[in-house]
Amino acid sequence: MGNELTRFSTWLSTALKWLAPLIFGVLMVTVWEVLLLVINPENFLLPRPSEIFSELIDDLSKISDDRSKIWAATKTTGFIMITGLFWGIVWGVATALLVTLSRAANETLTPIAVAINAIPIIAVAPLFNNWLGLTSPRSNQMVVMMLVFFPIFITTARGLTQVDSQQIELMNSYAASKWKILRSVRIPNALPFFFTALKLVAPLSIIAAIVVEYFGGSQNSLGALITASASFADYSKAWSVVVAGSIMGMGLYFVALTAEKITLARDRSPRLLLIAWQKITGRTTGA
Amino acid sequence: MEVVSISNLSKIFNTGKDNEVEALREIDLTVTKGEFIALIGPSGCGKSTMLRLIGGLIPITSGELSVNGKTPTKAREERDYGMAFQSAGLLEWRTARKNIELPLELMGWSKAERIKRANEMLELVQLGEFARSRPAELSGGMQQRVAIGRALSFNPALLLMDEPFGALDEMTREHMQDQLLDICHKTESTVIFVTHSIPEAVFLSTRVVVMSPRPGQISSIVETNLRAGDNTADNTKIRNDERFYKKVTEVREALYGK
Amino acid sequence: MGKKLFLLLNKAAVRRILIFIAFLVLLALAYTAYKAFGQALDDRQRDWWFIGSFFPRTDDRNMPPILDILSEFGKSPRIGGETYISQLFSGALFTLREAFVAFVVGSIVGLVLAVLLAQSKLAERGVMPWVIVSQTIPLIAITPLVVLWGQANLDFLPWEWKTWMSVSVIASYLTFFPVAVNGVRGLLSPSSEHLELMQSYGASRVSILWKIRFPASLPFLFTAFKLAATAAVVGAIVGEISTGVSGGQGLGKLIFEFARTYAAAPERLYLGVIGAGITGLFAFGLIVLVEKTILNSTGQQIRE
Ligand SMILES: Nc1ncnc2c1ncn2[C@@H]1O[C@H](COP(=O)(O)OP(=O)(O)O)[C@@H](O)[C@H]1O
Ligand SMILES: [Mg+2]
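Listed in order, the protein sequences are those of chains E, S and B. Those letters in the first sequence? Residues 28 to 314, per our numbering, in order. Those letters in the second sequence? Residues 76 to 333, per our numbering, in order. Those letters in the third sequence? Residues 52 to 355, per our numbering, in order.
Pasting the structure below:
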């Protein structure tokens with residue numbers, strides 16, 4: 028009896044952990060909705076969540092006959108964002124790996140990268156437009172890539188180089204090769220660093236992708252759509268585009284989070300699922 | 076006079092969960108004023124847990140426990156005891172003197188009083204010239220002395236110490252033991268001292284409480300009291316005394332369950 | 052004062068600055084060499100090299116000579132008008148003011164949030180995901196809308212609402228995030244030993260916060276402030292760009308203007324980049340200096 032009760036309370040506290048963000052989110056949206064109903068019934072400037080979502084759903088329902096503007100824009104901007112993110116990560120990690128080969132390279136390149144990272148990369152967008160063509164997606168990709176590159180490079184290089192010197196000495200005492208040290212000491216040490224950076228740049232890349240669209244690129248993009256809707260005073264439309272962008276950003280963030288969980292968890296996902304199942308049913312299978 | 080009285084005390088962590096741990100079972104112990112109790116036992120047997128229960132830092136599961144006739148929480152709130160841990164636990168951003176001042180600040184002492192007392196404590200632990208040094212500039216033994224100065228600074232009648240000399244080298248450790256005894260005799264403190272060194276337990280204590288592996292229980296209590304109330308006894312002599320070795324053997328046998 | 056500053060600029064810092072300057076010189080040389088290479092090609096080779104505009108073309112419109120770029124600083128749009136360098140300078144000051152307000156507002160909001168979230172696990176679990184989600188909302192992209200809020204019914208404020216304040220508010224949306232996240236991390240960083248010690252003194256939550264949690268979180272906060280300073284400048288520039296022409300006289304406005312008229316003078320695109328770069332580095336360097344001064348005096352380690 029008492030055991031049942033404690034099990035229930037354990038289950039409840041676990042459930043609450045997962046429900047807490049959901050409850051808080053619902054609460055926020057409700058407050059926003061109700062508050063605006065009271066103080067701003069004409070929906071001037073800031074629309075209610077219900078309107079934003081109905082606008083979004085309305086637009087997305089036209090996907091089937093290919094008339095959804097938001098969907099088309101999301102594809103354009105999403106492509107730029109994902110390719111920029113991809114190449115930024117590839118180059119960032121590659122440079123970080125390269126830098127571990129030589130202490131001098133690390134001590135020279137990292138401060139430069141730190142300095143460049145303090146520069147508003149967005150300011151180079153017009154320059155890239157000039158170089159690579161105003162309507163070409165390539166300049167937009169370049170901006171996103173640069174924005175992603177620096178945090179990834181700096182953080183990963185830090186993880187690869189700031190390792191426990193005792194571990195390195197131990198490996199050296201086994202006459203381990205540089206490659207072996209990289210694989211068994213440096214990379215495991217760098218993984219949490221890398222994922223921290225990844226979670227930082229994932230949302231940044233969507234913001235960057237949208238903002239560079241103020242300077243040029245396709246007319247069929249999220250940035251252009253926001254500007255156009257705002258200039259027609261169609262605020263719920265503008266907001267629904269913003270929401271579409273942030274859904275994409277959230278998606279990316281959760282991909283990064285899941286990748287981190289799977290990579291860093293010692294138990295692989297099937298086992299995690301099993302544990303979750305046992306938690307939910309309160310049953311332990313087997314021994 | 077009873078300072079700490081424990082009867083039928085048990086402690087279970089995470090009751091009802093998968094990771095439930097029975098840390099202590101049915102402990103009975105009474106500590107009277109001026110005693111120096113050494114707690115010894117295999118690692119994980121619940122020594123730190125016992126100290127934290129006495130300090131009122133975690134709640135008891137069942138049984139009774141009182142400190143100076145009060146509940147441990149009340150005793151804690153009234154600052155009846157001072158505490159020291161294995162790692163000195165100094166605040167890195169405070170100088171040695173400011174670290175000692177910490178409990179005094181919390182008790183609302185004036186600045187002048189605080190500085191005066193902190194300087195006295197630094198003299199006591201022989202760190203007078205290091206008042207303005209930060210922990211990072213002090214050796215492990217010096218840091219530990221600052222921590223002891225901090226624990227003693229507000230004259231608590233009861234000292235709870237959890238392997239305070241565990242991380243020190245043998246020479247520093249013996250030196251610290253001598254100093255601790257000296258200070259305790261001067262201040263007439265009651266001490267509960269966790270250690271995993273048998274000679275240390277025997278040398279310092281009036282009684283050694285020997286605990287068994289988990290769930291921690293008191294397996295025996297060895298009366299040591301090598302000084303027999305004579306606080307001026309020569310420490311080197313005691314360390315070389317035959318009675319010392321006998322007691323060490325006795326504690327060892329109790330520990331290994333002979 | 053000068054001596055103190057000199058002491059802060061220790062050997063390592065001086066080396067870093069020299070390395071960065073050397074890097075800039077190298078960059079200029081590489082630019083010139085690339086341009087020379089492109090111009091040495093004949094038409095047929097050129098078509099082959101610059102296929103699909105993957106590499107920038109080397110004509111003077113795409114890549115003006117470095118000296119032309121530098122001399123553009125001294126020119127002005129009209130004869131006798133304000134030179135570009137002085138426009139950039141006052142633009143940078145304007146943007147830095149916005150960034151400063153954004154930094155302060157964001158830091159305060161971030162700190163308050165961090166203190167609240169550090170109080171209970173449940174609060175952190177409930178709210179932290181939304182703090183992260185907040186950063187995936189490209190609010191910065193809808194600055195025009197937020198500027199309109201500023202103009203709507205803010206008469207109850209004791210001061211007149213200006214557009215740049217809206218830009219600051221938008222930029223602070225980017226700055227509060229690192230402060231909140233690192234703040235929580237820092238406030239939760241004290242070891243259980245330190246916390247138990249404080250409890251053994253019967254210390255209240257408030258004094259644990261003041262005497263342990265805040266000092267312990269200082270290094271974490273400076274890490275956040277460095278990120279926030281950069282984000283504030285970025286936010287201010289982007290905010291100005293997306294408010295378009297009504298954005299006042301900041302750097303973002305200049306960059307936007309230079310981009311609009313680049314056909315007439317491509318050199319000016321580079322002026323915008325250089326101005327923004329120097330402004331960003333200035334804000335970052337300022338925080339680094341403050342960090343060094345304060346953490347030196349508290350004897351704490353700088354977290355990278
Ligand atoms: N907060 C806690 N939660 C769960 N288990 C704990 C906790 N503190 C201690 N324990 C467990 O209680 C037992 C006794 O621990 P401790 O008192 O630290 O042992 P000792 O100090 O004698 O080495 C150990 O098995 C330990 O894992
Ligand atoms: Mg212990």
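Virtual Cβ for every residue (Gly too), placed ideally from N, Cα, C.
Look at the alpha carbon of residue i and the alpha carbon of residue j, and state the distance between them as a whole number of angstroms.
i, j, result
"L300 of chain E", "K172 of chain B", "At L300 of chain E the pLDDT is 49, less than 50, meaning the model places this residue with poor confidence and gives no usable figure here."
"F88 of chain S", "E97 of chain S", "6 Å"
"R129 of chain B", "A287 of chain B", "28 Å"
"A310 of chain B", "Q300 of chain B", "15 Å"
"L179 of chain S", "V324 of chain B", "56 Å"
"T135 of chain E", "I117 of chain B", "25 Å"
"V163 of chain B", "A169 of chain B", "10 Å"
"S264 of chain S", "S185 of chain S", "25 Å"
"R192 of chain S", "A174 of chain B", "41 Å"
"E133 of chain B", "F88 of chain B", "36 Å"
"P178 of chain E", "L302 of chain B", "24 Å"
"V285 of chain S", "G116 of chain S", "6 Å"
"L196 of chain B", "K62 of chain B", "48 Å"
"N256 of chain S", "V228 of chain E", "Note on identity: in this sequence residue 256 of chain S is Leu, with Asn being the wrong assignment. Cα-Cα distance, rounded: 58 Å."
"V142 of chain S", "T307 of chain S", "29 Å"
"V175 of chain E", "Y321 of chain B", "22 Å"
"I258 of chain S", "N347 of chain B", "35 Å"
"V285 of chain B", "V65 of chain E", "35 Å"
"V200 of chain S", "E101 of chain S", "38 Å"
"D309 of chain S", "S123 of chain S", "31 Å"
Within its chain, find whatever has a CB closer than 8 Å to the CB of residue i; leave out the 5 residues flanking it on each side and keep chain order.
i, result
"I195 of chain E", "I208, V212"
"G203 of chain S", "N194, L197"
"G313 of chain E", "Interpretation of G313 of chain E is limited by its pLDDT of 38, a score under 50 that renders its predicted location unreliable; no figure is taken from the coordinates."
"S267 of chain E", "I79, F80, E82, L83, D86, I97"
"D111 of chain B", "D119, P317"
"I193 of chain B", "S293"
"A64 of chain B", "none"
Does residue i come out as helix, strand or coil in the three-state DSSP assignment?
i, result
"P158 of chain S", "First, the residue type needs correcting, since residue 158 of chain S is Met and not Pro in the sequence shown. Here M158 of chain S sits in strand by DSSP."
"R282 of chain S", "strand"
"L128 of chain E", "coil"
"D103 of chain S", "strand"
"V96 of chain S", "strand"
"S80 of chain S", "strand"
"I353 of chain B", "coil"
"M249 of chain B", "helix"
"E238 of chain S", "coil"
"S295 of chain S", "strand"
"T312 of chain B", "coil"
"T274 of chain B", "helix"
Taking 8 Å as the threshold (C-beta atoms), are residue j and residue i in contact?
i, j, result
"E342 of chain B", "P115 of chain B", "no"
"L190 of chain B", "I221 of chain B", "yes"
"V235 of chain B", "A280 of chain B", "no"
"G157 of chain S", "P231 of chain S", "yes"
"L99 of chain S", "P290 of chain S", "yes"
"A334 of chain B", "A79 of chain B", "no"
"T162 of chain E", "G243 of chain E", "yes"
"S166 of chain E", "A152 of chain E", "yes"
"I237 of chain E", "L249 of chain E", "yes"
"F154 of chain B", "T226 of chain B", "yes"
Go through its chain and collect everything with a Cβ distance to residue i's Cβ below 6 Å, but skip five positions before and after it.
i, result
"P297 of chain E", "With a pLDDT of 46 at P297 of chain E, under the threshold of 50, the modelled position of that residue is not reliable, and no figure is offered here."
"E163 of chain S", "First, the residue type needs correcting, since residue 163 of chain S is Ala and not Glu in the sequence shown. Around A163 of chain S: Q218, Q219, A222."
"I338 of chain B", "F276, K277, A280"
"R189 of chain S", "E176, L179"
"R295 of chain E", "Caution is warranted here: a pLDDT of 43 is assigned to R295 of chain E, below 50, making its placement in the model unreliable, and the coordinate value is therefore given only provisionally. So the list is empty, once near-sequence residues are dropped."
"S80 of chain S", "T105, S141"
"A231 of chain B", "G161, L164, A165, V182"
Give me the Cβ distance between residue i and residue j, rounded to the nearest whole Å; I'm assuming they're in contact under 8 Å.
i, j, result
"L213 of chain S", "A242 of chain S", "Not confirmed; about 13 Å, so no contact."
"I135 of chain S", "I267 of chain S", "The pair is not a contact, with the Cβ atoms about 16 Å apart (cut-off 8 Å)."
With a threshold of 7 Å on Cβ separation, who are the neighbours of residue i within its own chain once the five nearest residues in sequence on each side are excluded?
i, result
"F180 of chain E", "G119, T122, A123, A140"
"P241 of chain B", "I263, R264, A267"
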